[in-house]
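So in the numbering used here, spot 102 of the sequence shown is number 86, and the numbers just go up one at a time.
Some notes on the structure that comes next.
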Amino acid sequence: MKVEDLLFSLPLPVAITDGEGRITYTNQKFEFLLNKSFKYLKGKKLSEFFKNREKIEEQLKKSYTDLLEIFGFRDNNYYLSFSPLYVASKVEGVIVIVQPAEDNPFDEDILLLLKGLSHEIRNPLSGIKGAAKLFSQLKEYDEELVTVLLEETERIERLLDNVTKSFDFSLLNFEKTNIHRILQSVVKLFESEIREKGISIVYDFDPSLPEIPLDSDRMTQAIMNILRNAMEALSDSREKVIKIETGYAIQPSGFIFVRIKDSGAGMDEEELKKFLLPFFSTKEKGMGLGTFIAAEIVKRHGGELKVKSRKGYGTEVTVLLPMKRSDGKGSDS
Ligand SMILES: Nc1ncnc2c1ncn2[C@@H]1O[C@H](COP(=O)(O)OP(=O)(O)OP(=O)(O)O)[C@@H](O)[C@H]1O
Ligand SMILES: [Mg+2]
-15 MKVEDLLFSL
-5 PLPVAITDGE
5 GRITYTNQKF
15 EFLLNKSFKY
25 LKGKKLSEFF
35 KNREKIEEQL
45 KKSYTDLLEI
55 FGFRDNNYYL
65 SFSPLYVASK
75 VEGVIVIVQP
85 AEDNPFDEDI
95 LLLLKGLSHE
105 IRNPLSGIKG
115 AAKLFSQLKE
125 YDEELVTVLL
135 EETERIERLL
145 DNVTKSFDFS
155 LLNFEKTNIH
165 RILQSVVKLF
175 ESEIREKGIS
185 IVYDFDPSLP
195 EIPLDSDRMT
205 QAIMNILRNA
215 MEALSDSREK
225 VIKIETGYAI
235 QPSGFIFVRI
245 KDSGAGMDEE
255 ELKKFLLPFF
265 STKEKGMGLG
275 TFIAAEIVKR
285 HGGELKVKSR
295 KGYGTEVTVL
305 LPMKRSDGKG
315 SDS
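This is the structure we're talking about:
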């Protein structure tokens, strides 16, 4: 089979560029997408036809020169993925796959909202910080108190940075990763809290799972959010057990699963319905964003987050993750 025939049959718009970002091939879907013929497109810069031109040039270069695979770069209404094109183990160009973004503008709204929110918090915060600095220059002051003031405001600043960054899913860095490593590192992060609260963690890992393509920072964040909820759900429980299980999913095949099961408060039907919605929280200090972010991250990995719960008995959250990416790159490449 010729490569052209293969690309022609792909259900998505595909273009190939040379090292300079100039189009050397497009399939028919790509021609339709831009409403331009290949004859016209050939030799032109790919970035010309998109909005974030400079960024796209940058991604193309990264992919070609640094051999990076870039997945899900957002340009207006499209997600673009870039992979180096190898011909006889030499890099000959970059394959660009275009996917229409979902019509749902929700993600962007949320991002805007959060940016607005952190902006609003940042203003008074810088006031506090400034005052604390002035305060620290006075002759007589409580040094410890000032340190606390400064440290805490800096912590909020970092938190805000993280929140806004964590909602910007346009760029994920996929690398083959052992999911067990991520799970263990998250448990490690919570270790002192787990001990303090008297929680037992029970592992049931399938050690034969392959490494799978993940953005490990993002996946760590998703697992942290789920595990934190499990821990919080246990606060009034007599039996405080969290079971973390992994394995090959039966349905859908080609997926692995991570299941985090707690013996905590559980949810009734109403709560279950709202579980994934942003800003739904039953906690006094909850933002209601933990599961929403986790689900979003899992979705961007081509996976799915599922939940089962029974009020008074506990909750299990299952993360399904594909072993290979939808573009065919995966565990045994
Ligand atoms: N493991 C669980 N057991 C019981 N209820 C849960 C569990 N996980 C989530 N929930 C319910 O879903 C709600 C939403 O969870 P989510 O993580 O999105 O927000 P949160 O924990 O309230 O706040 P935060 O933004 O700090 O995570 C929780 O307030 C809780 O009612
Ligand atoms: Mg939470």
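Glycine residues also receive a C-beta, built at the ideal position from the N, C-alpha and C atoms.
If you're wondering where the values come from, they're calculated on a predicted model, not measured in any experiment.
- Counting along the chain, the unbroken beta strand (DSSP E) around Asp246 starts and ends at 239 to 246.
- With a cut-off of 8 Å on Cβ pairs, the stretch 18 to 29 is not in contact with the stretch 52 to 60, counting fewer than three such pairs.
- Each of Gly296, Glu255, Lys13, Val242 was checked against the Cα of Asn162, and the nearest Cα belongs to Val242.
- When secondary structure is reduced to three states using DSSP, Gly111 falls in the helix class.
- Bridge pairing for Arg294: Gly298 [DSSP].
- The shortest CA-to-CA distance from Glu159 to any of Arg202, Arg179, Leu143 is the one to Arg202.
- Ligand 1 has a heavy atom closer than 7 Å to the beta-carbon of Leu273.
- Going by beta carbons, Asn11 and Leu(-9) fall inside the 8 Å limit.
- Glu76 and Ser65 have their C-alpha atoms some 17 Å from each other.
- Where Gly274 is concerned, there is no enclosing beta strand (DSSP E), although the alpha helix (DSSP H) around it starts and stops at 274 to 284.
- As DSSP reads the structure, Val132 sits in no beta bridge.
- Looking at the DSSP output, Glu288 bridges to Leu304.
- Taking 7 Å as the cut-off, one finds at least one heavy atom of ligand 1 near enough to the beta carbon of Ala249.
- About 6 Å separates the CB atoms of Asn209 and Ile277; that is less than 8 Å, so the two are in contact.
- Looking at the backbone, the Cα of Gly286 and that of Arg58 are separated by about 16 Å.
- Where Leu167 is concerned, the enclosing alpha helix (DSSP H) starts and stops at 163 to 173.
- As summarised for the stretch -4 to 41, the continuous beta strand (DSSP E) elements at least 3 residues long and confined to that stretch are -2 to 1, 7 to 10, given in chain order.
- Between Leu304 and Glu288, the beta carbon gap of about 5 Å places them in contact (Cβ cut-off 8 Å).
- In the structure shown, Asp188 adopts extended strand secondary structure according to DSSP, grouped into three states.
- Secondary structure of Arg106 (DSSP, three-state): helix.
- Taking all protein chains shown into account, Ala206 has 16 or more neighbouring C-beta atoms within 10 Å of its C-beta and is therefore buried.
- A check of alpha carbon separations from Val291 across Glu300, Asp199, Glu128 identifies Glu300 as the nearest.
- Burial check for Leu129: the Cβ neighbour count within 10 Å stays below 16, so the residue is exposed.
- A straight line joining the alpha-carbon of Phe189 with that of Glu177 spans about 22 Å.
- In the structure shown, Arg212 falls within a helical segment according to DSSP collapsed to helix, strand and coil.
- Below 8 Å, enough C-beta pairs join the stretch 11 to 20 and the stretch -4 to 3 to call them touching: three or more.
- At least one heavy atom of ligand 1 is found less than 7 Å from the C-beta of Asn213.
- Excluding residues up to 5 positions away in sequence, Gly56, Phe57, Gln83, Ala85 lie with their Cβ nearer than 7 Å to the Cβ of Tyr63 in the same chain.
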